[in-house]
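First to last, the sequence lines map onto chains A and B.
Quick note, the first sequence lines up with residues 185 to 597 if you use my numbering.
Quick note, the second sequence lines up with residues 392 to 513 if you use my numbering.
Glycine residues also receive a C-beta, built at the ideal position from the N, C-alpha and C atoms.
Source: prediction; values computed, not measured.
The structure under discussion appears below in the form of structure tokens.
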Amino acid sequence: MSGIYFDHAATTPVDSRVKETMLPYFDEYFGNPSSIHSFGQKAAEAVDRAREQVAKMLNCNIREVVFTSGATEANNIAIWGVVNRVNEILRQASAFTNVTAGRQDDNNRVGHFITTAIEHPAVRRVYQKLEKLGHEVTFVEVDDAGVIKFDQLKAAIKDNTVLVSVMYANNEVGSVNLIEQIGQLVAEKKQERQEGDLPLYFHTDAVQAINYLDTDVEKLQCDFLALSGHKIYGPKGIGVLYIRAGVKIDPPMQGGSHEWNIRPGTLNVPGIVGLGRAVELVQEEKQMRIDHVAELKKILIEELKEIEEIRIFSAEKNGLPNIVNVSFYRAEGESMLMMLDMDGIAISTGSACSSGALEPSHVLTAMGVEKEWTHGSIRISFGKDNTLGEVKDFVKKIKPIVNRLRDMAPEIK
Amino acid sequence: MQYSEKLMDHFKNPRNQGVIDDADAIGEKGNMKCGDIMKVYLKIHDDMIQDIKFETLGCAAAIATSSMLTDLAKGKTLDEALKIDKQDIVDELGGVPAPKFHCSVLAEAALKDAIEQYRAQK
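Next comes the structure, spelled out in structure tokens:
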């Protein structure tokens with residue numbers, strides 16, 4: 185498709201090298217990797233190779249890599265897997281009073297969960313559901329840069345806290361949370377737990393982080409990490425859940441014994457092969473990609489600052505190098521999106537009107553941004569193949585669009 | 392979410408967009424939930440809407456429903472204009488996606504606000 189694509193936080197094109205690697209696995213090596221015959225074994229070898237590629241990037245064991253249909257499923261397996269397991273522990277504890285799980289205090293007899301106010305719906309909605317089901321969930325606040333308040337998180341951890349879910353990098357504003365620091369905190373809290381206490385785990389949704397940040401799980405000290413293929417120039421419909429060895433969950437889906445009995449279902453072999461290659465390319469080209477998008481981001485922000493009455497919500501230095509979130513006062517996000525689209529430029533918006541739910545972006549709202557500013561926000565997310573010329577073209581086109589919308593709009597009282 | 396061709400036309404080429412400096416009545420409504428604002432200016436003679444203009448801060452559907460409303464109201468008597476229903480605006484645009492229906496509510500309400508203010512000051 186022709187046009188300028190600035191929406192890489194939504195999805196990326198499949199890298200041609202990734203596509204080439206995948207193609208033979210649709211019709212030539214089409215076997216089911218669970219089959220013992222050579223058709224199956226050929227596919228199984230490819231899956232093993234991809235698992236090694238992922239394990240290498242995460243610095244983990246291949247036994248800790250679970251292929252899923254994407255990050256939404258990976259996040260769901262992690263959270264529901266812990267919920268189910270904790271429910272079982274508590275059920276047994278109430279049957280056998282000598283077990284002190286959750287302590288004797290009646291208030292502590294349910295699992296407590298901690299997450300943040302800025303999670304992607306793939307995590308946020310799961311926790312909203314858990315709340316409805318009677319679980320206790322704490323949503324930790326973020327500062328005005330969209331980074332979670334560490335001290336608030338620290339203070340929130342209790343004896344019955346079983347899972348802490350903090351996204352690595354935010355998809356709307358690109359803010360980066362201090363995952364290493366949080367991992368260290370949770371590790372220390374785990375040390376305080378005794379035999380018979382509830383487990384405590386740390387989970388991070390790393391979807392937006394994979395391209396640009398350090399994903400060594402030993403450094404991050406996370407127990408679960410979710411990632412997705414289609415955000416890293418791999419195919420859609422494939423993702424990974426990293427589960428640290430020794431972590432016990434009760435998986436939500438039942439079926440075959442695929443993926444270490446965690447995720448049943450015939451493996452998506454072409455997807456897995458593609459993800460493996462995409463992960464390999466991320467590692468080879470990471471610094472080059474970072475430098476490239478960071479340069480585009482720097483230039484875009486310089487140019488945008490020439491426009492009056494704008495605010496930039498993405499961090500210039502400590503955030504993801506590819507995301508620019510900018511708001512134009514008295515110009516609505518979806519209208520800008522549509523007009524840019526007519527000019528052949530694809531961006532995204534967090535404004536209320538595009539979501540269908542009519543609620544302004546929960547991320548910007550959590551950052552304390554006023555409604556008249558969330559209303560005019562758009563997200564530009566660069567990818568490895570964008571060019572400086574495209575950035576210049578965007579700037580040339582956004583200016584008259586903003587002027588036109590401002591001419592149409594009444595004054596805000 | 393798909394917009395009709397007609398809606399896109401009104402978004403790209405809004406009718407009666409602008410301000411009437413010596414307006415006889417001005418109506419304004421804001422949608423608290425999504426943040427859209429619409430302002431309607433009327434020039435009235437013999438209880439008839441001679442001229443109408445709008446200013447809207449909002450999404451494509453908000454702009455298109457505003458534009459369509461002004462098309463429907465122009466040349467009508469105040470009583471006729473008060474009968475313009477949000478559904479009429481939506482129908483004339485060839486439908487709007489369900490989550491955008493409230494935009495037509497905004498347009499209808501802004502016009503009613505203007506007419507009510509005009510009658511109140513007389």
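DSSP on residue i, reduced to helix/strand/coil?
i, result
"Ala593 of chain A", "coil"
"Glu320 of chain A", "strand"
"Glu419 of chain B", "strand"
"Phe512 of chain A", "strand"
"Ser495 of chain B", "helix"
"Met439 of chain B", "strand"
"Gly458 of chain A", "helix"
"Leu347 of chain A", "strand"
"Gly486 of chain B", "coil"
"Ser519 of chain A", "helix"
"Ile427 of chain A", "strand"
"Ala301 of chain A", "coil"
"Arg233 of chain A", "helix"
"Gln438 of chain A", "coil"
"Lys401 of chain B", "Note on residue identity: the sequence assigns His, not Lys, to residue 401 of chain B. Three-state DSSP puts His401 of chain B in a helix."
"Gln225 of chain A", "helix"
"Asn282 of chain A", "At Asn282 of chain A the pLDDT is 48, less than 50, meaning the model places this residue with poor confidence; the figure from the coordinates comes in the next sentence. It is coil, neither helix nor strand."
"Asp290 of chain A", "Because the pLDDT of Asp290 of chain A is 48, which lies under 50, any placement of that residue in the model is unreliable, and the number read from its coordinates should be weighed accordingly. Note: Asp290 of chain A maps to helix in three-state DSSP."
"Thr468 of chain B", "strand"
"Ile332 of chain A", "strand"
"Asp504 of chain B", "helix"
"Gln408 of chain B", "strand"
"Val198 of chain A", "coil"
Just the Cα atoms here: how many angstroms apart are residue i and residue j?
i, j, result
"Ala500 of chain B", "Lys420 of chain B", "7 Å"
"Met551 of chain A", "Thr300 of chain A", "12 Å"
"Leu589 of chain A", "Arg514 of chain A", "7 Å"
"Thr322 of chain A", "Gln237 of chain A", "36 Å"
"Val579 of chain A", "Leu484 of chain B", "32 Å"
"Ile188 of chain A", "Ile491 of chain A", "21 Å"
"Ala464 of chain B", "Ala455 of chain B", "14 Å"
"Arg309 of chain A", "Ser545 of chain A", "14 Å"
"His387 of chain A", "Ala258 of chain A", "11 Å"
"Thr461 of chain B", "Asn407 of chain B", "7 Å"
"Lys245 of chain A", "Ala239 of chain A", "Looking at the sequence provided, one finds Asn at residue 245 of chain A rather than Lys. In a straight line, the C-alpha of Asn245 of chain A is about 6 Å away from that of Ala239 of chain A."
"Pro448 of chain A", "Glu204 of chain A", "27 Å"
"Thr533 of chain A", "Ile456 of chain A", "31 Å"
"Val250 of chain A", "Leu404 of chain A", "18 Å"
"Glu315 of chain A", "Gly295 of chain A", "11 Å"
"Gly560 of chain A", "Glu248 of chain A", "43 Å"
"Asn291 of chain A", "Asn344 of chain A", "Annotation note: pLDDT 46 at Asn291 of chain A (below 50); position unreliable, coordinate value reported separately. Taking the straight line from one Cα to the other gives about 9 Å."
"Ala193 of chain A", "Gln312 of chain A", "24 Å"
"His476 of chain A", "Lys568 of chain A", "7 Å"
"Gly286 of chain A", "Met351 of chain A", "Below a pLDDT of 50, predicted positions are generally treated as unreliable, and Gly286 of chain A, at 46, falls in that range; the measurement from the model is reported next regardless. Approximately 26 Å between the Cα atoms of the pair."
"Gly423 of chain A", "Ala306 of chain A", "13 Å"
"Gln288 of chain A", "Asn354 of chain A", "The predicted position of Gln288 of chain A is uncertain, since its pLDDT is 47 and thus under 50; a value taken from the coordinates is nonetheless stated next. Using only the alpha carbons, I get a separation of about 38 Å."
"Asp389 of chain A", "Ala262 of chain A", "10 Å"
"Glu543 of chain A", "Glu554 of chain A", "13 Å"
"Pro454 of chain A", "Ser186 of chain A", "27 Å"
Just list the residues that DSSP pairs residue i with in beta bridges.
i, result
"His476 of chain A", "Paired residue(s): none; His476 of chain A is not in a bridge."
"Ala353 of chain A", "A:Val360"
"Lys430 of chain B", "B:Glu419, B:Glu446"
"Ser565 of chain A", "A:Asp191, A:Ile507"
"Asp389 of chain A", "A:Ala410"
"Gln251 of chain A", "The sequence shown places Phe at residue 251 of chain A, rather than the Gln named in the question. Phe251 of chain A is bridged to A:Val424."
"Ala530 of chain A", "A:Tyr189"
"His296 of chain A", "A:Glu320, A:Thr345"
"Val553 of chain A", "Note: Val553 of chain A sits in no beta bridge, so no partner."
"Arg495 of chain A", "A:Ser511"
"Val547 of chain A", "According to DSSP, Val547 of chain A bridges with nothing at all."
"Val326 of chain A", "A:Ile332"
Write down the C-beta distance between residue i and residue j rounded to the nearest angstrom, noting that I regard them as a contact closer than 8 Å.
i, j, result
"Tyr385 of chain A", "Val324 of chain A", "Their Cβ separation, rounded to whole angstroms, is 16 Å, which puts Tyr385 of chain A and Val324 of chain A out of contact at 8 Å."
"Cys425 of chain B", "Ala452 of chain B", "Going by Cβ atoms, the distance from Cys425 of chain B to Ala452 of chain B rounds to 10 Å, so no, they are not a contact pair."
"Ala478 of chain A", "Ala255 of chain A", "The Cβ separation is near 24 Å, so there is no contact."
"Lys434 of chain B", "Leu473 of chain B", "The Cβ separation is near 17 Å, so there is no contact."
"Cys450 of chain B", "Glu516 of chain A", "5 Å"
"Ile529 of chain A", "Lys581 of chain A", "6 Å"
"Met520 of chain A", "Phe402 of chain B", "About 12 Å separates the two Cβ atoms, so there is no contact after all."
"Thr565 of chain A", "Asn502 of chain A", "Residue 565 of chain A is actually Ser in this sequence, not Thr. Incorrect: roughly 17 Å between the Cβ atoms, too far for contact."
"Pro217 of chain A", "Leu451 of chain A", "5 Å"
Legend entry - At least three beta-carbon pairs within less than 8 Å, the stretch 368-388 of chain A to the stretch 508-528 of chain A: Segments in contact, no.
Inset, instruction - Indicate whether the contact test is met: 3 or more Cβ pairs, each with one atom in the stretch 389-404 of chain A and one in the stretch 439-456 of chain A, closer than 8 Å. - result: Touching, no, given that fewer than three Cβ pairs across the two stretches are closer than 8 Å.
Inset, instruction - Could you tell me whether the stretch 264-271 of chain A touches the stretch 459-472 of chain A, where touching means 3 or more Cβ pairs closer than 8 Å? - result: No, the stretch 264-271 of chain A does not touch the stretch 459-472 of chain A.
Legend entry - Three or more C-beta pairs below 8 Å linking the stretch 332-340 of chain A and the stretch 375-384 of chain A: Fewer than three Cβ pairs drawn from the stretch 332-340 of chain A and the stretch 375-384 of chain A lie within less than 8 Å of each other, which leaves the two stretches out of contact.
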